[in-house]
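The number in the working numbering is simply the position in the sequence shown, starting from 1, with 56 added.
Worksheet: the structure to be examined is printed underneath.
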Amino acid sequence: VYPSPTKPNARRATVDLFFRAKSGFTADVCAIGGITLENAPPLIAAGADLLAVITDLFSAPDIAARAAQYQQLFERA
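Below, the structure written as structure tokens:
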């Protein structure tokens, strides 16, 4: 979705694609690519059921605490 240091040349989806995917699929929709705590809420609001987070999670000083913060984003949605 967003620029990612893990896959810098990957094609990016738009947030609007999540709205369309939720109306067309029964399977869960996963967002991947450059996701941070700051840019995740619009993805969840658009219908992302899952977030594939690498850099923001594993570069955090406390990985468990950062994972809990992502969980809280879903609980608030």
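Yeah, the Cβ is synthetic: ideal placement off N, Cα and C, and Gly gets one too.
* Pairing CB atoms from the stretch 112–124 with CB atoms from the stretch 71–85, are three or more of them under 8 angstroms? -> No, the stretch 112–124 does not touch the stretch 71–85.
* To do: Identify every residue that forms a DSSP beta bridge with A133.
  => In DSSP, A133 forms no bridge with anything.
* Grouping DSSP H, G and I as helix and E and B as strand, with all else coil, what is L113? -> Residue state, collapsed to three classes: helix.
* Could you have a look at A83 and say whether DSSP puts it in helix, strand or coil? => Judged by DSSP in its simplified three-state form, A83 adopts coil rather than helix or strand.
* In angstroms with no decimal places, state the Cα-to-Cα distance between P118 and A124. => Reading the sequence as shown, one finds Asp at residue 118 and not Pro. Cα-Cα distance, rounded: 10 angstroms.
* Starting from the Cα of A104, find the closest Cα among N95, E94, T92, A87 and give me that residue. => Comparing Cα positions, the closest option is A87.
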